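Engineer: I have a structure here, written as structure tokens, and I will follow up with some questions on it.
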């Protein structure tokens, strides 16, 4: 194969410049995005410094990239967003060059000689700024998708280079990129499959010739085999209670496949009109019979048949269709996944839609004369580019915080129980327990969509309905008796309800899976409340070792703020007691503020004699403080002696 | 193409006038001072800029604390090694004096203005303020003049340089009004662009640039941007060597400019170490940029966001669109050095609003060569003829400068003496309350001060005691006027631990327990922005027996700028 002699279009340098600026324009406000949802579980991980031990260890390449981010700038999101944007930018550049080179291949003769560069440029930049990709770029943890996408494209690009140059190291590099892609997302079988199609349609003259290239093609299978092996080894596909595989409770392979006949057109619709983008489609209705979806199913079957026919006949357009379906295959076929739809799954498939559209427009404009064609193409491109960029910018604003993305999701999908539960969590934290309970009850109508209703117990607890809270958690535990979070929640509820002995058992169970500082503190308090002082000391000592900087202070501050709030519920006050107790126990030395807070909390709970003792301890610890501060603490101790809490004096008449 | 070419042909040289003096004689000893038309326009614009800047009253934020540090250094003949004004600094956040030179210059300027003015304490103070306003205006004009020079050097065209200068103004408009040590950093950055505007960095630049950075590192923490600039240019140059837009690749080590850029980077990095903290200044600067209270609570330290209303994102987006269009239209390709510079500073803006001031200078600097190339492509018949260098134009520029200067606030001060203090400082400057607390015997200037006097006389024994809790913006002036005698919170957020700011946040928002924090710090007076503490105001109104609201300017029609509207509250019985 040889490269064409002449070329017209933007240079690589111009493309780098414009793509880089377009990335900045479309994603400038993504840097404010917080860690949301899975970010908190996967990225904000205590083991982030150890890429092979963290929660993303199954995707080591992405995990390592997060580790680098953490080393450079800790948990400041700016670095994570920058890395995501860089990956997306590089993917777009790779796409540009891949499309450009493909259109310049001898397969197309001189057909695209003058337009290849511009077609690749326009397709690349439109894909770069397309709002549907925000989920892979702005949502930090979805780097898995974009990074896989980059390596995916790089792998095919290297393969093409290898074929054009005849140098074997390009093929080795293609294999390496494919392995890296598998290190980001396990299912990369699409790489060798699509490369075979690419080889047949654009590079070879026959299937026989294609098969004769089995050596470089087989190198591309190493990554997918490793990825699949890893999946099977982890039992992901067969795991009971897992989110992927044949044991997913919501779907059978048949119902999942039927449901996908609606999901795929929805993806396509969003590709053309990316207006109501949504992070969470868990509430997508499950389709159980073909009668419900037959027009969609028929349509998809038809397109699939056309694709197969086109592939057999080696039609270039069939490659785009194959690209779309093969990449979507693992998530939109018959292997059930708990979430039937996610927009980030379209990251690579979207390329087929965008490129297809650009090529169609190019065909439509062909009859026009040179200058008119250029003007129409420019105006059209700018109009689409500005629209898509604007939409991306607006979408990035939704990712500003977990609250904003949840409210946006609920505004689009009010039946989304999972998002409603998260929303209820916010309401509960902001002291609106009644409203939160209402929200949880609405969510309960679709209880099959939410794995964990611990929040229901928290709402009851906040509202002083301890028995109901206990009952809810016990019921939840029946289905998963070893679940760390549920055991911890029950331990806390029992502790709040004055049952430390029973709470201890649950705290110990929780420890086996959670093994974190919070559970240790719960266990230590259980022991202390049972007067098992020595055992409690040992657990506190362990917790002290694990406590991150500022942890003790945050416990104490939160306890003090609650105790000084006249409207604090008994549940919150009890929690503030546990926090204040933990703060003083975690500190080997007496800190006057911590003991003072503990005294204030005890007084709020009506335990005045203990409050006096704690207050005096605070006073002793404040021996080196100013006279004013000492007298300020002493005033409080006097209050406690008199059996009064430390609260603001009731307001008089308004001014 | 350009109007810079010195034309001496008869056809283009104007006839001699007057006593046969040739104002365009290239052999005249005055020839180096000859100007062309675009220079004259530039001088007029610069002078207008001066006038505009002297028209702004001195904004009350981020200036007085710095002047106070300068005063402390002069009085103590030392650089502070700890926070010297506030008892609430507990050492958890280590103290770093980033601003030695700017503090000394700012205080020195204030002191000169104060001493040069006669009259009562207020007049002398206003004299100091006038001097600071003058210094600020000079720094702004100086920056633009240097940029104009750098742009001219870069494009060899006065007209293109003029366009560049106007572009910087448009991008940087809203940042002009605030005077702070950063203003010095901006001048230094403009100076850095001068040697970098040559094709090859000169040997002289390799000496002068590090010297400049020595001063910069002791003036303001923004010295880091020069590292970014040199790094981006050097890595870009390397990419240009390896992947040239034309011709075959060049071995990077054979490229003179790359070698010099790397050397400049190394020398600049070493130059930074000439400061009281040595190389650890880097670590201290990064520590400051990561201060949680700064990056979460202070608007200019936060990432750029989007609203349909006004904001920095609009000029930023517009500038990106212009750069992209120019790089596609222009036949001259943007070098990787320029691209990396643009990207680095563009990303900086995305991550932190405040980076926009550097973007405003970098973006035109990078784009002007492309603009220049585009102008060259305009057919000759549509272009202006070349401008003649002439001493007549120099005289015209001088006359214009003088005439425009005449409109400035500084000229007004020279003619009529210092203006009333209300016109010199912004409406948000809490000088009346500070003056009354500093010296209760001084005359009262506003009505609400009588209430304060009454409370002080009745319950405080005539003199205020306790601490003042202020928002960082309001606290800056109070700190200048009252600290350390009266403990005050102030604008140097990076010096205090985030826990401290969290507590003050609870008070500012009137959240439960606010009174506990106020008691803890023995606060007897609070000075805040009235429009931003609704809940606290409600809480305070509930307790008229404890707190007296002296001034509440919520919704004030006199003060258009919301940040100037004050809330001043005093505790009736001191603790």
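Residue numbers (my numbering), protein chains in the order written: chain U, 552 to 1206; chain E, 8 to 582.
All C-beta atoms, glycine included, are put in the ideal place defined by N, C-alpha and C.
Fair warning: this is a prediction, and the values are worked out from it, not measured in the lab.
#1: In this structure, how does DSSP classify residue 1100 of chain U when only helix, strand and coil are distinguished?
#2: Which residues of chain E have a Cβ atom closer than 7 Å to the Cβ of residue 1179 of chain U, listed in chain order?
#3: For residue 80 of chain E, which of helix, strand or coil comes out of DSSP?
#4: Does the ligand SAH have a heavy atom nearer than 8 Å to the CB of residue 147 of chain E?
#5: Would you say residue 536 of chain U reaches chain E, if we count a Cβ-Cβ gap shorter than 9 Å as a contact?
#6: Measure the beta-carbon distance from residue 167 of chain E to residue 379 of chain E and round it to whole angstroms, keeping in mind my assumption that it falls under 8 Å.
#7: In whole angstroms, what is the alpha-carbon distance linking residue 462 of chain E and residue 369 of chain E?
#8: Using 8 Å as the cut-off, can you tell me whether the stretch 110-124 of chain E makes contact with the stretch 517-534 of chain E, which would need three or more C-beta pairs spanning the two stretches below that distance?
#9: Is it the case that the stretch 1185-1202 of chain U contacts the stretch 26-46 of chain E, given that we only count it when at least three CB pairs across the two stretches are under 8 Å?
#10: Could you tell me which chain E residues have their CB closer than 9 Å to the CB of residue 948 of chain U, listed as they occur along the chain?
#11: Here's a check: name, in chain order, each residue in its chain whose Cβ is nearer than 7 Å to the Cβ of residue 1168 of chain U, leaving out the five neighbours to either side.
#12: Among U/801, U/899, U/853, whose alpha-carbon lies nearest the alpha-carbon of residue 886 of chain U?
#13: Classify residue 714 of chain U: buried if its beta carbon has 16 or more other beta carbons within 10 angstroms, exposed otherwise.
#14: Grouping DSSP H, G and I as helix and E and B as strand, with all else coil, what is residue 207 of chain E?
#15: Any beta carbon of chain E sitting closer than 9 Å to that of residue 714 of chain U?
#16: Using three-state DSSP, classify residue 214 of chain E as helix, strand or coil.
#17: Quick check: the Cα distance between residue 573 of chain E and residue 72 of chain E, rounded to an integer number of angstroms?
#18: Below 7 Å on C-beta distance, what does residue 1104 of chain U contact in chain E?
#19: Which same chain residues end up closer than 6 Å to residue 228 of chain E when comparing Cβ atoms and leaving out the 5 residues on each side of it in sequence?
#20: Can you give the Cα-Cα distance for residue 646 of chain U and residue 672 of chain U, rounded to whole angstroms?
#21: With a cut-off of 9 Å, does the C-beta of residue 647 of chain U fall near any C-beta of chain E?
#22: Where does residue 575 of chain E fall in DSSP's three states?
#23: Can the beta-carbon of residue 903 of chain U be found less than 9 Å from the beta-carbon of residue 874 of chain U?
#24: How close, in whole Å, do the beta carbons of residue 561 of chain E and residue 579 of chain E come, if the pair is a contact with beta carbons under 8 Å?
#25: Along the beta strand (DSSP E) that carries residue 536 of chain E, what are the first and last residues, could you check?
#26: In three-state DSSP terms, what is residue 559 of chain E?
#27: Please determine, among U/571, U/632, U/794, U/624, the residue with the shortest C-alpha to C-alpha distance to residue 586 of chain U.
#28: DSSP beta-bridge partners for residue 397 of chain E?
#29: Classify residue 943 of chain U as buried or exposed, calling it buried when 16 or more other Cβ atoms lie within 10 Å of its own Cβ.
#30: Please list, in chain order, the chain U residues whose beta carbon lies closer than 7 Å to that of residue 523 of chain E.
#31: With DSSP run on the structure shown, which of helix, strand or coil describes residue 65 of chain E?
#32: Count the other CB atoms within 10 Å of the CB of residue 834 of chain U; is the residue buried (16 or more) or exposed (fewer)?
#33: Would you say residue 550 of chain E reaches chain U, if we count a Cβ-Cβ gap shorter than 9 Å as a contact?
#34: Using a beta-carbon distance below 9 Å, is residue 1130 of chain U in contact with chain E?
#35: May I ask which residues mark the beginning and end of the alpha helix (DSSP H) holding residue 108 of chain E?
#36: Under three-state DSSP, which class holds residue 1143 of chain U?
Structural biologist: Answer, in terms of the structure:
#1: coil
#2: 529
#3: helix
#4: In terms of ligand content, the structure shown is empty, and the ligand SAH therefore cannot be addressed.
#5: Because residue 536 of chain U is not part of the residues shown, which for chain U are 552 to 1206, the question remains open.
#6: 5 Å
#7: 55 Å
#8: no
#9: no
#10: 312, 313, 314
#11: 1141, 1146
#12: U/801
#13: buried
#14: coil
#15: no
#16: helix
#17: 19 Å
#18: 506
#19: 105, 292
#20: 9 Å
#21: no
#22: strand
#23: yes
#24: About 21 Å separates the two Cβ atoms, so there is no contact after all.
#25: 530-536
#26: strand
#27: U/632
#28: E/42
#29: buried
#30: 1115
#31: strand
#32: buried
#33: yes
#34: no
#35: 107-122
#36: helix
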